[in-house]
Structures are given as C-alpha cells and as structure tokens.
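Notes for the one structure printed next.
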Amino acid sequence: MSDKIVVLGAGNVAHHLVPALLHAGHDVCQIYSRSEGSAQSLSKKSGLPYTTKIDDIFRDADIYIITISDDVIANMAKVLKCNNDPLVIHTAGSIPMNVLHTASKHYGVMYPLQTFTKSRELDFSSIPLFVEGSSNEDLKRVKTLAESLSNTVTILSSEKRKAMHLAAVWACNFANHMYAIGGKILAENGLDFSLLRPLIAETADKAMELHPIDAQTGPAKRKDRGVLSMHRELMKGKHSRMALYNSISDSIAEYCNAKNSEQNSDDEDSYVELTLW
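Quick look at the structure:
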C-alpha cells in the first residue's frame, strides 16, 4: 500500500512536482494552497482535489510536501495539523531542515535544483534532487521518494544546501537578470531581445563543456580599457547599471587575474591591476 501524500502549495514547484509524483505512481490525495486560482489550476492539471483552508487539509496522510514560499515554511510547520507523526518535507534551498520539527518528529528536505515556471515543460527525472532527513530512517524515506522522481539524488546537509542555493542564485537568477538588462539596452535602442538569443545559447553551451573561467571572454578579461570606457560613456545617467557594470567587470578581472597568477606563479610580470578605471 503506497503512502498517501499531501502537497502544500500550488506554485511553480508544485506544478512540476505533482505531475512527477503522479507519473511515478504515488498516491497524491490533496493539494493545498492559499490561492484559489493556483489551486484550481493545479487541480485541473492533475485531476486532484484541493483546499484553500488550513483546517481542511487531510490529516491522515503519510507524507506532507511543503512547496510554499521560503518565508512562510516555518509558520506552515507550526499550524499544520496532522495525525500519527507523518513525514514532513520541504523543497526549499535556503531553509534549514529543523524548521519542520514543530510539524512532526519525522521530517526532511527534497530540494530540486532547477528554475521552475508553470508554463514550461520539464523532464523531472533529469532534475538533481538534494535530500536530508532528521534521522537515518527519515533520510531513507526521503531518498527513496526522491529516487522515484529523479535520476540524480544527493544527500546534502542544510549548510551545504544553503551554499548550493547561493550558487544557483548567482548562476540562474543573477544571470537571467543580466539578460533582462541586455534586453532593456536593446529596447532603448529600438532593437529586439531575440538578437541576443544565439549568444545566450552559445554561452550556456560552453558552460556545459568548459569551466566558466576558461570560457570567459569580453573587455574585462582582455583589460580593454578603451571599450570599457566607451561602455561607461553609453551608460551615463544610468547609475545603478553603471555600478553593476563596474562591479562585475572588476570581479571578472579578479577571477581572470587569479587564474593567470596560478598559471604563471613564477613570472614576476604576471600581476595585473584589478581596477579597470
């Protein structure tokens, strides 16, 4: 007899996790969300019943998976009313596992390292899942659940998971914001964002094959002060954009200088001034 699962939350993560659970043959018996619209959308997509009332959450499930916003996970753990000390899991990257101790004596984490958007299809089996458990037995249960969903499951402590989440913010969220700025610059000059897509695709492809430091190009790496100055001239009056450009250019120079120093540790001429203006 399979475990009965309740999924708490109907946002981006849940819209991908619930179908993956169903595809793997799990008995998902209910969805909860504060948002009627999100709950209805996921219910329609999955064919599952839903509720928007905490008091109506099914209390006799074996596993509760919390997929809500990071800042309300601890509160959900405090107000969740369930019987028989079920396994309670959250899916957040930056929230420690022990915030769940108020919900049950059995708890853990199953963190998917991916960016989720409701409207985009993903192969959940290719998404790395990082797991943790409050005891060896709980870890075994979380890991078994994760392995039914993904081909890549790794045990990771809360501290290491925080570092993984920070790295993901830099590599995903910040990188995407750079695309947004690039798109804004194009729009300001009557050009379309689609012109950047081949460049973005090649940059991502290189990161799959090379270490990003080895794949780095551009004026900051080349220490091309003429181009850097020209770019700053184009950004006059755009103070936050200028500050970000300067900070990132310095960081690129620092990383490239450190790499060059490692390769030329015996060469007294290998030193490069980091500040590029």
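With positions in the sequence shown counted from 1, the corresponding number in the numbering used here is that position plus 4.
Heads up, the beta-carbon is just placed ideally off N, CA and C, and yes, glycines get one too.
Classify residue 271 as helix, strand or coil using the three-state DSSP reduction. The predicted model places residue 271 with a pLDDT of 47, which falls under 50 and marks its position as unreliable; any figure quoted below should be read in that light. Reduced to three states, the DSSP call for residue 271 is coil.
Using 8 Å as the threshold, is the segment 78 to 86 in touch with the segment 39 to 57, meaning 3 or more CB pairs across them? no
Report the residue from 184, 96, 252 and 73 whose alpha carbon sits nearest the alpha carbon of residue 164. 96
Got a sec, what are the start and stop residues for the alpha helix (DSSP H) residue 44 sits in? 40 to 50
Cross-strand partners of residue 170 (DSSP beta bridge): Looking at the DSSP assignment, residue 170 forms no beta bridge with any residue, so it has no partner.
I'd like the list of long-range same chain contacts for residue 25, defined as Cβ closer than 6 Å, with 5 residues on each side in sequence excluded. 32
Report yes or no: do three or more beta-carbon pairs, one from the segment 48 to 55 and one from the segment 86 to 93, lie closer than 8 Å? no
Using 7 Å as the threshold, is the C-beta distance between residue 100 and residue 117 below it? no
Roughly how many angstroms separate the alpha carbons of residue 35 and residue 187, rounded to a whole number? 37 Å
Taking three-plus beta-carbon pairs below 8 Å as touching, is the segment 157 to 175 in contact with the segment 128 to 148? yes
State the Cα-Cα distance for the pair residue 66 and residue 8, rounded to the nearest angstrom. 5 Å
Bridge partners for residue 23 per DSSP, in chain order? According to DSSP, residue 23 bridges with nothing at all.
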